[in-house]
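Just so we're aligned, residue 163 is where the sequence shown starts under the numbering used here, counting upward by one.
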Amino acid sequence: MGTENSNHANFPQRPAAPFAAASQSTSSFLSSGPVFGSEASAFAATPAGAPQATRTLLSSGPAVGSEASGFRPIQPGRSNDPSTTPPPWSYVPTPLGASQRLPAPQFFSTAQVPPPHTSPLGQPVFSQPIRTPTGHVSSPPVSLYPQQQIPTVPMGSPPQSMNHVPSGRIVSPSSLDSSFSAPRPTFQPLQSGFPGYPSKQPTAVTQPPSMQSAPFVTHQGGYGPPRPSTSGPFLAHQGGYVPPPPVAAPQAVYSREQMQHQASGPPVGSVQGLTEDFSSLSLASIPGSLDPGLDSKALPRPLDGDIEQKSFAEAYPLNCNSRYLRLTTTAIPTSQSLVSRWHLPLGAVVCPLAEAPDGEEVPVVNFATTGIIRCRRCRTYVNPYVVFTDGGRKWRCNICALLNDVPGDYFAHLDASGRRIDLNERPELTKGSVEFIAPAEYMVRPPMPPLYFFLIDVSISAVRSGMLEVVAQTIKSCLDRLPGFPRTQIGFITFDSTIHFYNIKSSLTQPQMMVVSDLDDIFVPLPDDLLVNLSESRSVVDALLDSLPSIFQDNLNVESAFGPALKAAFMVMSQLGGKLLIFQNTLPSLGVGRLRLRGDDLRVYGTDKEHALRIPEDPFYKQMAADCSKCQIAVNIYAFSDKYTDIASIGTLAKYTGGQVYYYPSFHSTIHQEKLSHELARDLTRETAWEAVMRIRCGKGVRFTSYHGNFMLRSTDLLALPAVDCDKAYAAQLSLEETLLTTQTVYFQVALLYTSSSGERRIRVHTAAAPVAADLGEMYHQADTGAIISLFSRLAIEKTLSYKLEEARSSIQHRIVKALREYRNLYAVQHRLGGRMIYPESLKFLLLYGLSLCKSVPLRGGYADAQLDDRCAAGYTMMALPVKRLLKLLYPSLVRVDEYLVKDISQSHDFNFSRLPLTAESLDSRGLYVYDDGFRFVVWFGRTLSPEIAVNLLGKDFATDFLRVTLSEHGSEMSRKLMGILKKFRETDPSYYQLPHLVRQGEQPREGFFLLANLVEDQVGGMSGYLDWVMQIHRQVQQNA
C-alpha cells in the first residue's frame, strides 16, 4: 500500500475497447419464481381470447408454505360492507425502459389487519389498515385462509410488436427474442415513480397504492387484486381496460408517504400504477450481434463517493453514527429461510474509535458511586432503548428483556408519557454513543502508561537507503506530541547480526550501548534501565536519536537477527505492554525465526500449493504474536526493501496483535521521506486506546458467529486489542439462532473497554436498533453496499490463505450472481423483465465494487500481476481499513486539473473537481490528471499537454525521465496551485500520506504499473472490463432464473 517498484513486471499498453459477447435476452413475461409447499398450485396462462370474467394479476416471487394454494384477492372497499362494489382496475402494458426505478407493491401486516369478514364470494374483505409504529415490522400471519382457486390470465394484451403465444404452446426463447421489433435498445436515465401519484409514463398497469413494508403472506411483491367486474370492454389492441364510475373512492390501502401521516389519504381521482421498485439496465442485444446494446457511459459509478441511505438514520435517530457501526442490511431477516436466500454477507463493520462527526463529541459519563448501570443477566449497558417502568423504579433491558431494579442514586420519576424527568441530563439515555468512566472493578491491574518501544534494523541496506536517518528524525520530532505526558515510557533496540541495547536512564548524560551477540540464549542486560519515563530521560533520548545515524553510517553488516531481537523486545515490554514499532529492512537470516528466500515461484500458481506462499512459513511468528497479545503488546510493522522480505510471515505479528503493516518497497529517503515521516508521526501521535477488549452484544435470536480483522479472539465473542485507534475497523458475520424471530426490532451494542492515554479506564458503548423484516425484497432495498464490500474483502482475503486466488475471486462473483438471481425471481412474474438486468437501487454499485475487489492487489491475476510481498502487505492493510477508506482504495478518484491550473487566480478558488470514470477513455492526451486512491497520487501528463504547464510544474526537469523527478513546489503560480490541490486532497483523509508519482503518457512500464493497471473499468491483465463483467454477471443470473 506504500510505494511501488514499477520495474518488476510487464504491463500491457493502453487497453483496447472491451469486447463483449452478446447477452441472452429472454422475455418470458409470465414466468414465475419457484413455488414451495405441498399444496402449491400450478399457474397456467390463458389465451387472450378467453373470457375475462376473472382478471387477477400474477404475484411474483416464490410461494412458501403448505397452504400456498392460490392468490387471495383483496377487496379495496372503504368498509367491511360486502355490498360495496369495488372499482375495476385497468391494465396497460408498460414499454420496457432501459432503466427504471419505481416502487413495488407491498403486503399487509397482520398487525395492521383485523380478522377478515367473508364476502359472498368467499373473499376476505379488509377494513382500513391500522398504522404500525415506525421501525416495527409485524410478524408473519398465524394462518392463511383458504380461498377458492381463481384461474389466472395474462396481464393484459401483449404489445403489438410481440407475437401472441397461445396457452400450452412451447416457444423457444430465441423466437420470443426475435418477436421484438425494436432495434438495439439504449440506456435511459433512471426514473423514479412516487407512490400515491400518477406515473409520468403514458401507459401503466394500475393497482392499489403500495403499503408500508410489512408482509401479509410470503409471496414477495404480490398483492390481492380486487374482485373483478363481470362486464366491461377489453380493448386488446389498445391495451386498456375502461372502468365504470366507482361507487366509492378506494381508500383501503395507502402509499408509503401517506402511511407516515395518518390524516392524509390518496389524491382524489388518482389511480396507482403497477410500478417497479428496482433499477434496471437494458442489456438485450440485436440477435446475431456481438454488441451488448448498452453504452458503457450509462453504467452506474460511485463518482460521488460513499453515499449512505439517510432514511434509516432518520427513522432511528437514537442510533449511533454509522461511522461506528454499519450493518450490511438494516432490515434483519426474520427467518433462516430468508437468510439462505440473502446470499450476500450478513453482518456488520465496527470502527469503535472512529473520529466523531464534525461538531460532535462522544459524551463522557461518570456514575461515580452509583456504579455503571448494566443488565444483571446479559450485562448490556444502559442505553436510549431501555424502557423505565413502575414509576421509574425498574428498567427493562432492550437486549434480553429482563426487568432490572434502578439503583436509588439513579432513580428519577417518570412524566405522563413515561419518560424520565431528567432525560435531557442523561446522555446515556439520549445518545447512541457514550463513554463511561469505569470503576476499579473493571481493572485487573493499574492502568498502564502509554509505552512506545522501537526495534530498528541497522543493517547496510537500512543505512544506505536513508531509512535509519528518517526514522530517527521523525521520532525525535514527535516526542513532544506523544500521548500520555508525563506518564509516557520509551525504549530502543537496534539489530543487525547482533542485538544492541541502550541504557537511557535519566542520570546519564549520554546513552550507553550494550551489544549481545549470543543469539541462541538471549538475555536482557540492565532490564530496569532500557525502558524509561520519557519526561525524565528526555535529554538522553534526544542524544540517542541524534547519534543513531552516525553510529551505523559505516556499517557493512548484511545479516538480520530479527527473531532474537524480537524476543529481546518482548522480554523488556512484557511487564507493562504497549506498542512495539518494528522497522525491518532485511530478510531475517540469523537465529530463531530466520526465513528462507522461498520467493514467488511461478510453477506454484494455479496449484493447490499456491496459498502456502501467503501464510507464515515459520510458526515462531504466530506464537510470538499470541504471547504479545497476552501481554498487551501491539505490533506495527514498517517494512522497507526492494527484495523479498516475507511480509506473509512478519505481518502475522501485526495481524494477531491489532497492529498495522506499512510497506515501502524500494525505499529511498530522497523520494519517500515525506510519506514515511507523515505515517510514522500519525502512528505515534494519534489518540490510542490501550489494553482493550471488545464485545458485540445483540438481541435475542441473533448472534455474531465469526470475526474478521486484525485481533486475537480471546473467547467466542471477546476480541483482544492491545491497541486501538481511529484507523482500524473490524467486521463480524451475523447468524440467526432461532428458526423464526419473534421480535420486531433487533438491538446491537458494541462495548470497548480500554485504558486511555491519560490513565483512565473507560468503556465506549455504541448502540443501534434495526427492524426485523419478513420481506426479502426489503432486505435488498435496505442493503449497505459499503458494509457488504467491506465484509466481502475480508472474507476473500482470508480465503486466499487457504485456496487459490482464482477461487477467492470466483466466490465473490458467485455470491453476487446468486443474490441478483434471487432478487430477479422476486419480480420475474409481476413484471416483464426481458433482457433487462435488475437490481435494487441500494446495490447499484455492487457490481463495480465487486469487480474492483477482484482486481485489487491481494486478489488480482496471478504470478505476473503483483509481487508476493505487495499482495500480502495490501491484504494486511485492507483487513483493517474502515469502510469509506476501503471504498476509495477500490474505486479511486480521477480528476482533470490542467483547466484549473490555467485559470486566473481570481477565478480559481473553487476546488470542486468532477470525478471521472476509471477508464482510459477518460484520459485526454492534452490534459493533466490526478489519480488518488488514498495511499498515493499518480499525476499523469498527457502526450500533447501544453509545454508551458509542464515547465511551470517541473522546471528544468520537465523533459527528463520521471523516475528521477519528484514533485515539489516551484516559484510559479501553477506549481503552487497544484500543490494546493494535493494538500486539499490529503486533508480529507490524513491516515495515510499520498506520495505523488509522475507518469508521462506512453512511458512504459511506468504508466502501465501506476495507472493503466489500476483503471478498473478497462480490460487489463486478462481480467474483464466493467461492461464485460456486467454482461457476464447478467448471463449467469438469467441461467436458471
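Beta carbons are placed, not taken as given, at the ideal position from N, Cα and C, and that holds for glycine.
Express the C-alpha separation of residue j and residue i in angstroms, rounding to a whole number.
| i | j | result |
| --- | --- | --- |
| T917 | V979 | 45 Å |
| S736 | A730 | 10 Å |
| Y1025 | R986 | 37 Å |
| G813 | L1129 | 31 Å |
| D845 | R643 | 11 Å |
| T907 | C559 | 13 Å |
| P933 | A493 | 5 Å |
| N717 | D619 | 11 Å |
| R956 | A893 | 8 Å |
| R1138 | N1114 | 10 Å |
| E742 | I655 | Per the sequence shown, residue 742 should be read as Leu rather than Glu. Each residue's alpha carbon lies about 11 Å from the other. |
| E1149 | T878 | 39 Å |
| Q651 | P611 | 7 Å |
| G996 | F1097 | 43 Å |
| I684 | A801 | 24 Å |
| L508 | Q895 | 6 Å |
| S679 | S621 | 15 Å |
| P673 | I713 | 12 Å |
| Q746 | S973 | 35 Å |
| R539 | V912 | 17 Å |
| V633 | L759 | 27 Å |
| A891 | E1003 | 26 Å |
| D1066 | E1135 | 10 Å |
| K961 | A970 | 6 Å |
| S228 | R488 | Confidence at S228 is low in this model, with a pLDDT of 38, below 50, so the placement of that residue should be treated as unreliable; the coordinate-derived value is given next. Taking the straight line joining both Cα atoms gives about 37 Å. |
| P750 | R1033 | 19 Å |
| A1217 | P495 | Not covered by the structure: residue 1217. The range shown for the chain is 163 to 1203. |
| D552 | A578 | 13 Å |
| L1215 | D690 | Residue 1215 cannot be examined here, being either before or after the span of the chain that is shown, 163 to 1203. |
Taking the continuous alpha helix (DSSP H) assigned at residue i, which residues delimit it?
| i | result |
| --- | --- |
| Y1205 | Only positions 163 to 1203 of the chain appear in the structure, and residue 1205 is not among them; the question remains open. |
| F1172 | R1168 to F1172 |
| N586 | Unbroken run through N586: none, as it is neither H nor E. |
| Y572 | That residue, Y572, is in no alpha helix (DSSP H); it is neither H nor E in DSSP. |
| R626 | I622 to R626 |
| D704 | R700 to I713 |
Tell me which same chain residues have a C-beta within less than 6 Å of the C-beta of residue i, skipping the five on either side of it?
| i | result |
| --- | --- |
| K966 | E772 |
| L1218 | Here the chain comprises residues numbered 163 to 1203, so residue 1218 is not present and cannot be evaluated. |
| F657 | A723 and A727 |
| Y942 | Y985 and P1002 |
Excluding the five sequence neighbours on either side, which residues of its own chain have a C-beta within less than 8 Å of the C-beta of residue i, listed in chain order?
| i | result |
| --- | --- |
| D887 | L515, R848, E849, T850 and A851 |
| V1199 | V979, L982, R983, R986 and M999 |
| N528 | F598 and I599 |
Using a Cβ-Cβ cutoff of less than 7 Å, which residues in the same chain neighbour residue i once the five nearest sequence positions on both sides are dropped?
| i | result |
| --- | --- |
| S659 | N719, E721, A723 and L752 |
| E590 | V527, V544, N545 and V596 |
| Q822 | N798, A816 and A1042 |
| L963 | H773, R776 and I777 |
| Y767 | G1024 and Y1025 |
Am I right that residue i and residue j are in contact with their C-beta atoms under 8 Å? What's the rounded C-beta distance?
| i | j | result |
| --- | --- | --- |
| D704 | K784 | In fact, because the Cβ distance is near 37 Å, the residues do not count as touching under 8 Å. |
| H840 | Y614 | Actually they do not touch by this definition, with Cβ atoms about 17 Å apart. |
| L1189 | L456 | 7 Å |
| M629 | S831 | 7 Å |
| L118 | Y806 | No answer is possible for residue 118: the residues shown for the chain start at 163 and end at 1203. |
| P519 | K593 | Incorrect: roughly 12 Å between the Cβ atoms, too far for contact. |
Using a Cβ-Cβ distance under 8 Å, would residue i count as near chain D?
| i | result |
| --- | --- |
| A600 | Included in the structure is just one protein chain, with no chain D present. |
The beta strand (DSSP E) that contains residue i, what's its start and end?
| i | result |
| --- | --- |
| H870 | V864 to H870 |
| T656 | Q651 to F657 |
| E1110 | It is not in any beta strand (DSSP E) - E1110 instead sits in the alpha helix (DSSP H) that spans P1109 to L1116. |
Check whether the stretch 866–881 and the stretch 1038–1045 are in contact - that is, three or more C-beta pairs closer than 8 Å. yes
For the pair the stretch 527–541 and the stretch 992–1011, tell me if three or more CB-CB distances fall below 8 Å. no
With three or more beta-carbon pairs closer than 8 Å as the criterion, would you say the stretch 1053–1064 touches the stretch 470–481? no
Quick test of the definition: if touching needs 3 or more C-beta pairs under 8 Å, does the stretch 796–811 touch the stretch 897–916? no
Is there contact here, the stretch 1137–1145 with the stretch 816–835, by at least three beta-carbon pairs under 8 Å? no
Touch test, the stretch 1079–1091 against the stretch 1176–1189, Cβ-Cβ under 8 Å, three pairs minimum: yes
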